[in-house]
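Colleague:
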Amino acid sequence: MTDLSRKLIRIQSKRSSIRSAKAIITIILTLAVFSWAFAGIEFTLDKVAAGVPPLLDFLYKLYPPDVSIAPTLFESAVETIQMVLVGTVLGTSLAIPLSAMASSNIAPRPLVMVTRTYLMVVRTIPSLVWALIFVIAVGLGPFSGVLALTFYTLGYLGKLYYEAIESIDMDTVEGVVAVGANNTQIFSHAILPQLVPHIVNNFFFMIDYNVRHAAILGLVGAGGIGFYLFLYLQSFSLEKVAMALLVLLALVIGFDRLSLEVRKKLVQ
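Take 5 as the starting number for the sequence shown in this note's numbering and just add one per residue.
(1) Counting Cβ pairs, one atom from each stretch, are 3 or more of them under 8 Å apart for the region 215-227 and the region 118-135?
(2) Please classify residue 43: is it buried, with 16 or more other beta-carbons within 10 angstroms of its beta-carbon, or exposed?
(3) Indicate whether residue 266 and residue 215 have their beta-carbon atoms separated by less than 8 Å.
(4) Would the beta-carbon of residue 182 fall within 8 Å of that of residue 193?
(5) Taking C-alpha atoms, which residue in 73, 268, 237 lies nearest to residue 65?
(6) Less than 8 Å between the C-beta atoms of residue 220 and residue 252, yes or no?
(7) Among 244, 160, 86, which one has its Cα closest to the Cα of residue 102?
(8) With contact counted as at least three CB pairs below 8 Å, one residue from each stretch, are the region 144-160 and the region 109-118 in contact?
(9) Kindly indicate which three-state DSSP category residue 236 falls into: helix, strand or coil?
(10) I'd like to know if residue 226 contacts chain B, where contact means its C-beta is closer than 8 Å to some C-beta of that chain.
(11) For the alpha helix (DSSP H) holding residue 68, just list the boundary residues, first then last.
(12) Output the boundary residues of the alpha helix (DSSP H) element that contains residue 109.
(13) Given that a residue counts as buried once 16 or more other Cβ atoms are within 10 Å of its Cβ, and exposed if not, what is residue 100?
(14) Cβ of residue 218 within 8 Å of Cβ of residue 162?
(15) On the three-pair Cβ rule with 8 Å, is the region 118-130 touching the region 55-62?
In structure tokens, the structure reads:
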């Protein structure tokens, strides 16, 4: 074995030792962080075991579901669908122009910074807080829920869309600019056609997502099936809770399947 071979073996051995040491340190730090987190929430297996009997009792009392309230729940499910569709459409409509203003490859830097800050603030506020704000502003009912879903959708889709715009083919944009197109023409003829798959795909993703959020908004009186779900929970009418959960589950599964089928067609 030559000196060069021995040297290479020592270098490889040293690198292997360093990698092993880094892996061990990473594992130790990860375990320490999780131990700290579990200790902070006072998690113990005894508490988990103690919670099993009450949970089983709660699940037992859900049966049988109260089918007599089905007509009321179906009406509220239709209202939830309306809230989701209108809120998502409005949020998407606002997100498209704002995403263009937030894209560093087509908008001036000051405008990009201001728009991105606005979208970040909107995105930071949870949908439930938006619902509470609009319940105070416009009163109880589905309209406050629609406004909450609109702003929630705007915050998330605005970010997804400006990231998509920043990844578009700029050669097409430069070609349209070269023939003297104005800003509106540049966006409609060079940018928007490249964004259509992203817009449609994320639109249906957001509808699927907003169905779940719409149920939570009922907690603050923002309409939809969630309003009845929390009403029945407060009165401890568990058979009615079970029926509301079944209708909500059917709603979520239906939108999930629709979203999946649309995305498949887009991919094809």
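All C-beta atoms, glycine included, are put in the ideal place defined by N, C-alpha and C. Since we're looking at a predicted model, the values are computed, not measured.
Modeller: A quick look at the data gives this:
(1) Yes: the two stretches touch, three or more of their Cβ pairs being nearer than 8 Å.
(2) The residue is exposed, with fewer than 16 neighbouring Cβ atoms inside 10 Å.
(3) 8 Å or more divides the Cβ of residue 266 from the Cβ of residue 215.
(4) Cβ distance not < 8 Å, so residue 182 and residue 193 don't count as in contact.
(5) Taking only the C-alpha atoms, the option nearest residue 65 is 237.
(6) The Cβ atoms of residue 220 and residue 252 lie no closer than 8 Å to each other.
(7) Among 244, 160, 86, the Cα nearest to that of residue 102 is on 160.
(8) Using a C-beta cut-off of 8 Å, the region 144-160 makes no contact with the region 109-118, since fewer than three inter-stretch Cβ pairs fall below that distance.
(9) DSSP places residue 236 in helix when its eight states are reduced to three.
(10) Here there is only one protein chain, and chain B is not present.
(11) Per DSSP, residue 68 belongs to no alpha helix (DSSP H) and is neither H nor E.
(12) DSSP places residue 109 outside any alpha helix (DSSP H), giving it a letter other than H or E.
(13) Counting other Cβ atoms within 10 Å of its Cβ, residue 100 reaches 16 or more and is therefore classed as buried.
(14) No, they are not a contact pair.
(15) Pairwise C-beta distances place the region 118-130 out of contact with the region 55-62, as fewer than three of them are shorter than 8 Å.
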